[in-house]
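The structure appears right after this line, and notes come after that.
In UniProt numbering, the protein residues as written are 1 to 298.
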């Protein structure tokens, strides 16, 4: 992939390595560009080293070296619900039941498998970089980076809070406070399974903001925004306060109304890793959650 910039008057006289650092080319990536086949740094179409002094109006370009794919990842093909795609990112609406990544005992059927197949269809050799994972049974928007440059920038945005996700969930019972937050540390619950989590003093800080959208006799329809991104955070936090998600058998949720935990990632916004444009996406509730709401509204 080729990245290109035009130097401004304010950037006049900068060392090329400083210029590239300001464009978020990390030292690690710079090393890969310099020493791996296919990588190139050029100014006005001529190869330059990083000690070159940039002049206003210079056309600076970086050719990223070809990434090494995970040969153990099996490419598969299906019709993905892709809501946005360019040379840097993919925004995908994941169905419930599809894991984000393969596991030792389930090496196929994941988002990563299908993204690799999607790349093959476009004759791309990109590695698969998942920025925002979702649990197998959680539906909704996921963000995938198409290059490690994009992955590094988006991961940085996620850590700084410039990449936000919102969810909708159906939680058991009647929440006394219709808006608020749950702030409780989360760690492993090895007594249940390697995947299970619990609120524990030895866990990592976690905070979940929520607001009730609508109340029903047996559950609440809740809007949720995370301030941290711990494994199973929403499910653990609502279970901790006695309002487990409907369908969440791992965390004591009622399973008679829906066949999976009722959680959907409906909103995603972030700064584009290259253009720095603000991008925002929303997707509708999946049919199983929508149908349950229709029934109870009647």
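Glycine included, each C-beta is placed from N, C-alpha and C at the ideal position.
Leaving out five residues before and five after residue i in sequence, what residues of the same chain have Cβ atoms less than 8 Å from its Cβ?
i	result
residue 285	168, 264, 266, 293
residue 109	76, 98, 99, 102
residue 258	170, 246, 247, 288, 289, 292
residue 121	77
What residue range does the beta strand (DSSP E) around residue i cover?
i	result
residue 223	219-226
residue 149	Unbroken run through residue 149 is the alpha helix (DSSP H), 148-160; no beta strand (DSSP E).
residue 82	82-85
residue 104	Premise fails: residue 104 is in no beta strand (DSSP E) and is neither H nor E.
residue 56	Element bounds for residue 56: n/a, residue is neither H nor E.
residue 21	Counting along the chain, residue 21 falls outside any beta strand (DSSP E), though it belongs to the alpha helix (DSSP H) covering 16-22.
residue 142	139-145
residue 186	186-188
residue 281	278-282
residue 131	That residue, residue 131, is in no beta strand (DSSP E); it is neither H nor E in DSSP.
residue 299	The requested residue 299 is not part of the displayed model; the chain covers only 1 to 298.
residue 183	179-183
Pick out whichever of the options has its Cα sitting closest to the Cα of residue i.
i	options	result
residue 62	260, 275, 2, 232	2
residue 274	166, 226, 24, 19	24
residue 239	190, 220, 171	171
residue 4	59, 177, 113	59
residue 215	205, 177, 200, 209	177
residue 249	260, 242, 243, 241	260
residue 112	45, 159, 72, 155	72
residue 166	74, 117, 277, 208	208
residue 175	223, 198, 144	223
residue 282	130, 194, 93	93
residue 160	114, 211, 227, 145	227
residue 143	130, 27, 202, 68	130
residue 251	179, 30, 197	197
residue 68	46, 225, 124, 135	124
May I ask which residues mark the beginning and end of the alpha helix (DSSP H) holding residue i?
i	result
residue 168	Residue 168 -> not in any alpha helix (DSSP H); beta strand (DSSP E) instead, spanning 164-172.
residue 113	111-121
I'd like the list of long-range same chain contacts for residue i, defined as Cβ closer than 6 Å, with 5 residues on each side in sequence excluded.
i	result
residue 133	100
residue 119	126
residue 116	73, 75, 128
residue 213	221, 223
Where does residue i sit, in a helix, a strand or coil, going by DSSP?
i	result
residue 245	strand
residue 194	coil
residue 292	helix
residue 238	helix
residue 214	strand
residue 46	strand
residue 255	coil
residue 1	coil
residue 285	coil
residue 98	coil
residue 202	coil
residue 207	strand
residue 31	helix
By Cβ distance below 7 Å, which residues in the same chain neighbour residue i in space, the five residues on each side in sequence not counted?
i	result
residue 44	58, 59
residue 32	39, 65
residue 157	163, 270, 271
residue 299	For the chain, the structure presents residues 1 to 298; residue 299 sits outside this window and is missing.
Kindly indicate if chain D contains any beta-carbon less than 7 Å away from that of residue i.
i	result
residue 245	Protein chain content of the structure displayed is limited to a single chain, and chain D is not contained in it.
Check whether the region 177-187 and the region 230-238 are in contact - that is, three or more C-beta pairs closer than 8 Å. yes
Quick test of the definition: if touching needs 3 or more C-beta pairs under 8 Å, does the region 13-23 touch the region 133-146? no
Segment contact flag, the region 41-60 with the region 81-88, C-beta cutoff 8 Å, min 3 pairs: no
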